[in-house]
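Asks: Numbering (full-length UniProt numbering), first residue to last: 1 to 401.
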Ligand code: ADP
């Protein structure tokens, strides 16, 4: 099992496009690491540098003990699986899978075809070996492409969005398959995806990139529960974390308040951390599963209005806007009022806030509701720098396999 080490890796294209900046990470042998981030954040560039398809501008990449910066791709002991399967149309599945080995090794044909049969078995496609690619479905082609990588028995698998051409159901199925195979073969894997559900379900660890910089790396549950900054908090998790703009007011020795979109008390430990950070503008982040919704008022509750309730099956998703109670008891919703003023506001700027609720726990025609925000489960970010300033670790994250 080979580890992969990135030591201060930087990639600059055309003299001034910084695609990856000072990237440091060690991937353990046999680990499944997923790279996620928005389009253009440098994921493919990192993968291509490991593969040897792209030069490294600065820093070092090592596979196992070997520094590979100058090593040609064919000597790197890696196999790559792309989004496009790129099978040779005129060759059978068997020949497609054998092709790389025939070119890159001196193995006798018999040994090569034995490996092809083994890989086909592992991928569940032995009956397709004599077919041509055009006779196969997208899912089957994907299996052949993966089988072709397995045949080479590489130390490292590099996956570049390998499932994005498949339909949702097949994608879910292939996720489990790829994981199983990677574990069975104990191959180190780097998996690039923009699909964070894929990342959450498949990875030992997830590395989150933005603008070519590593934002955080950790097991799925850790990056979900303990995001280091606002970017990670918003990127990981679907539906995404709710954000409320607030500022901090000290109320004396043993605590303070967050005021703004909401008005809530914070305990002494949180208050101490917020004060230590010295940030003026803050964002309070609470995930949809930590927002309680009730139709009954309580002093500690935040008033809101219901936009829509989306039934999802086991749970419903309630979209809400914050509101203030008017003198007559009706709700005045800030966001709605602002929107009316600015009909042209781009949709992306309207913060959609959401809460998971038990199905039918809120009546379908409800308009006014009351929220309880679970501060224990909240994150508080410096609105300027995005740093998570007052996170209290919720639970110990289990060690990775
Ligand atoms: P991602 O895979 O996360 O979408 P990429 O690694 O493809 O991101 O791209 C990172 C940045 O590098 C982007 O700004 C992209 O435009 C730029 N880039 C990628 N490949 C090249 C190239 N061959 N020449 C110039 N710029 C490139």
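The C-beta atom is built at its ideal place from N, Cα and C for all residues, glycine as well. Being a predicted model, the structure only gives us computed values, none of them experimental.
1. Among 245, 253, 228, 201, which has the Cα closest to the Cα of residue 238?
2. The alpha helix (DSSP H) spanning residue 200 covers which residue range?
3. Buried or exposed for residue 68, going by 16 or more other Cβ atoms inside 10 Å?
4. For residue 259 and residue 298, I'd like the C-alpha separation in whole angstroms.
5. Is residue 228 helix, strand or coil by DSSP?
6. If you draw a straight line from the C-alpha of residue 256 to the C-alpha of residue 214, how long is it?
7. Please report the straight-line C-alpha distance between residue 369 and residue 307, rounded to a whole angstrom.
8. Do you know how far the Cα of residue 254 is from the Cα of residue 348?
9. Kindly list the residues whose CB is nearer than 7 Å to the CB of residue 265, restricted to its own chain and excluding five residues on each side of it in sequence; keep chain order.
10. Could you spell out where the alpha helix (DSSP H) holding residue 80 opens and where it closes?
11. How many angstroms separate the CA atom of residue 219 from the CA atom of residue 182?
12. Within a Cβ cutoff of 6 Å, which residues of the same chain sit near residue 262, ignoring the five residues on either side of it in sequence?
13. Does residue 335 come out as helix, strand or coil in the three-state DSSP assignment?
14. Looking at the structure shown, is residue 43 part of a helix, part of a strand, or coil, going by DSSP?
15. Along the chain, where does the beta strand (DSSP E) that runs through residue 265 open and close?
16. Report the start-end ranges of each alpha helix (DSSP H) in the segment 133–221 that is 4 residues or longer and not cut off at the edges.
17. Just tell me which of 322, 352, 312 has its CA closest to the CA of residue 359.
18. Does the ligand ADP have even one heavy atom less than 6 Å from the beta-carbon of residue 238?
19. Who are the Cβ neighbours of residue 270 in its own chain at under 6 Å, not counting the five residues just before and after it?
20. Please state the DSSP three-state secondary structure of residue 270.
21. Taking the beta strand (DSSP E) that residue 20 falls in, what are its first and last residues?
22. Can you grab the Cα-Cα spacing for the pair residue 252 / residue 272, in whole Å?
23. Report the residue ranges of all beta strand (DSSP E) runs contained in full by the segment 277–318; include only those spanning at least 3 residues, in chain order.
24. Could you tell me whether any non-hydrogen atom of the ligand ADP is closer than 6 Å to the CB of residue 19?
25. Contact defined as beta carbons within less than 8 Å: I believe residue 151 pairs with residue 115. What is the distance between those atoms, to the nearest angstrom?
26. Is the beta carbon of residue 199 sitting closer than 7 Å to the one on residue 34?
27. Can you grab the Cα-Cα spacing for the pair residue 249 / residue 18, in whole Å?
28. In angstroms, rounded to a whole number, what distance separates the CA positions of residue 387 and residue 283?
29. With hydrogens ignored, establish whether the beta-carbon of residue 164 is closer than 6 Å to any heavy atom of the ligand ADP.
30. Where do the N-terminal and C-terminal ends of the alpha helix (DSSP H) with residue 104 fall, by residue?
31. On the DSSP bridge list, what partners appear for residue 62?
32. Look up residue 355 in the DSSP assignment and say whether it is helix, strand or coil.
33. Any idea which residues DSSP pairs residue 250 with across the strands?
34. Hey, is residue 323 close to the ligand ADP, as in C-beta under 6 Å from one of its heavy atoms?
35. When you measure from the CB of residue 13 to every non-hydrogen atom of the ligand ADP, does any distance come out below 6 Å?
36. Considering only C-alpha positions, which residue in the set 138, 154, 158, 319 is nearest to residue 168?
Replies: Well, looking at it:
1. The candidate whose alpha carbon is nearest that of residue 238 is 201.
2. 196–202
3. buried
4. 18 Å
5. coil
6. The C-alpha of residue 214 is placed about 33 Å away from the C-alpha of residue 256.
7. 11 Å
8. Its pLDDT being 41, under 50, residue 348 is placed unreliably by the model, and the measurement read from it follows with that caveat. Our two residues, residue 348 and residue 254, have alpha carbons roughly 38 Å apart in a direct line.
9. 255, 257
10. No alpha helix (DSSP H) holds residue 80; the beta strand (DSSP E) holding it covers 78–81.
11. 17 Å
12. 244, 302
13. In this predicted model, residue 335 has a pLDDT of only 47, less than 50, meaning its place in the structure is not dependable; the value taken from the coordinates is given anyway. Assigned with DSSP and collapsed to three states, residue 335 falls in helix.
14. helix
15. 263–266
16. 138–151, 168–185, 196–202
17. 312
18. no
19. 390
20. helix
21. 17–27
22. 11 Å
23. 281–286, 291–294, 302–311
24. The closest heavy atom of the ligand ADP lies less than 6 Å from the beta carbon of residue 19.
25. Taking a contact as a CB-CB distance under 8 Å, the pair residue 151 and residue 115 counts as one, their CB atoms being some 5 Å apart.
26. yes
27. Residue 249 and residue 18: Cα-Cα distance of roughly 40 Å.
28. 10 Å
29. no
30. 93–104
31. 5, 67
32. strand
33. 256
34. no
35. yes
36. It is 138.
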